[in-house]
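Read the structure below first, then the notes.
Numbering (the numbering used here), first residue to last: 260 to 679.
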């Protein structure tokens, strides 16, 4: 057995990973994210809240239409005879004539309430998407790390075999054998720790997705490069489409309309009621008749209840408007952080990938020197450590870059599935 069978040139990690985990059922990260969002209980609840708001808005949207009802009754007096039977059937129509815009404000507030819930749904989708992609990237990175450490154990076993053969040939001292054995045990211990982290990542993903058969490629590399070019051209995008900002704005509009309604209720109102019916009392058949009533309501003194409601609502409106300002500031801060993090993550990922290529070549050169007896096991271990660190840093770099792309898209209020 030779070490070359364990370490093909320039393919320390990826062939092992793809060979071990390539499955026909594996799905790309975009599809996995969509499935997780479809399975999200939080989104199911939020969609229900949207439908509740839409249902509650129906009466408010029809508030300026007249209301109609039909009433029918019959009664008897204490003698309980047909001659004392009274019957009536009538239709009643109520028209709101003048409410000084209070009804229109009610309508607009209901529409704004629906928009508030719809934007909250969009914000929740982004939050759930962040959790989904984070779990996917964590599983992908842990799978790569597990493959690296497993490969390292195999390498140490192969090195121990080479060292023992050279020791038997009298070409290697005993302490070199002991060093290789220690490196093997340390690599095996590190593999156990990584497997524990991988098991946790797999359990988290399966709870969200239902399985863990996903593609292990860093499939957003081209999108990350494209996003970097776009970011260089536009560092100050419009953040008005962020769902959290739209949610706060819609809530402020709703509270403003409710304030308008409460103020208009302080004014006199005019309504009319129209009744048309057939009435029969004590056996006397009556002719159909109608009645029209014009009602003018002048709020005079109601213990200042209407005034108190209007005053309280003015402060509710003020708080909602202040919330919009707060969300705007937070949105700008999120964007600033997201773009800076993305730029650094992208540059770091590319740099680490270059370093990885150099580390692989250096290790191959030093491996040949070790096989020729020109360097010690300790010297080779230093090269192994450098290669291991380069592999792990490269994985972490692309994981961070993928996550940075997600946060960059979400800082603009866009899903990563529709961004770029």
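Note that the Cβ used here is the ideal one computed from N, Cα and C, for glycine as well.
Keep in mind that this is a model prediction, so the values were computed, not measured.
Would you check if the stretch 439 to 454 and the stretch 576 to 590 touch, i.e. whether three or more CB-CB distances between them fall below 8 Å?
Three or more beta-carbon pairs separated by less than 8 Å are not found between the stretch 576 to 590 and the stretch 439 to 454, which leaves the two stretches without contact.
Count the other CB atoms within 10 Å of the CB of residue 606; is the residue buried (16 or more) or exposed (fewer)?
Flag for residue 606 reads exposed.
Excluding the 5 residues preceding and the 5 following residue 456 in the sequence, name in chain order all residues of the same chain whose CB lies nearer than 7 Å to its CB.
401
Pull up the CB-CB distance for residue 509 and residue 375, whole angstroms please, since I reckon it's below 8 Å.
In this structure residue 509 touches residue 375 by the C-beta definition: roughly 4 Å separates them, less than 8 Å.
Quick check on this structure: which residue in 364, 372, 329, 608 has the alpha carbon closest to the alpha carbon of residue 309?
372
My guess is that residue 530 and residue 353 are in contact by the Cβ rule of under 8 Å, so how many angstroms apart are they, rounded?
Indeed they touch by this definition, with Cβ atoms about 7 Å apart.
Sequence-distant residues of its chain with Cβ nearer than 6 Å to residue 505 (five each side left out):
378
So the candidates are 324, 347, 604, 323; which of them puts its Cα closest to the Cα of residue 334?
347
Shortest alpha-carbon distance to residue 621 belongs to which of 539, 522, 395, 647?
Nearest in C-alpha terms to residue 621, of all of 539, 522, 395, 647, is 647.
Residues in the same chain with beta-carbon distance under 6 Å from residue 316, minus the five sequence neighbours each way, listed in chain order, please.
369, 373
Residue range of the beta strand (DSSP E) that residue 694 falls in?
Any property of residue 694 remains undetermined from this structure, which presents the chain solely from 260 to 679.
Could you tell me the distance, in whole angstroms, from the CA atom of residue 625 to the CA atom of residue 299?
51 Å
Please classify residue 207: does DSSP put it in a helix, a strand, or coil?
Absent from the model: residue 207. The displayed extent of the chain is 260 to 679, so no value can be given.
Give every residue of the same chain whose Cβ lies closer than 6 Å to the Cβ of residue 503, excluding the five residues on either side of it in the sequence, and list them in chain order.
382, 586
Any idea if residue 559 is buried or exposed, counting beta-carbon neighbours within 10 angstroms, 16 or more meaning buried?
exposed
The stretch 667 to 679 / the stretch 629 to 643 touching (three or more Cβ pairs under 8 Å)
no
Throw me the rounded Cβ distance for the residue 468 and residue 295 pair, which I believe falls under 8 Å.
5 Å
Whole angstroms are fine: how far does the CA of residue 520 sit from the CA of residue 216?
Given that the chain is displayed from residue 260 to residue 679, the structure contains no residue 216 and the question cannot be resolved.
Let's test the definition: count the other Cβ atoms within 10 Å of the Cβ of residue 554 and tell me whether it reaches 16, buried, or not, exposed.
exposed
Helix, strand or coil: how does DSSP classify residue 322 here?
coil
Pick from 365, 432, 466, 628: whose alpha carbon is nearest that of residue 513?
365
Can you tell which of 421, 411, 422, 435 has its C-alpha closest to the C-alpha of residue 446?
411
Can the beta-carbon of residue 615 be found less than 8 Å from the beta-carbon of residue 629?
Not closer than 8 Å, so no.
Between the C-alpha atoms of residue 660 and residue 302, what's the straight-line distance to the nearest angstrom?
Distance between the alpha carbons of residue 660 and residue 302 is about 27 Å.
Please classify residue 354: does DSSP put it in a helix, a strand, or coil?
Residue state, collapsed to three classes: strand.
Per DSSP, residue 538 forms a beta bridge with which residues?
347
Does the beta-carbon of residue 549 have 16 or more other beta-carbons within 10 angstroms, so that it is buried, or is it exposed?
Exposed, since its Cβ has fewer than 16 Cβ neighbours within 10 Å.
Runs of 3 residues minimum, wholly inside the stretch 440 to 498: which ones carry the beta strand (DSSP E) assignment?
none
Looking at the structure shown, is residue 327 part of a helix, part of a strand, or coil, going by DSSP?
strand
Using the three-state DSSP reduction, which class does residue 553 fall into: helix, strand or coil?
strand
Excluding the 5 residues flanking residue 667 on each side, which residues of the same chain have their C-beta closer than 6 Å to its C-beta?
597, 601
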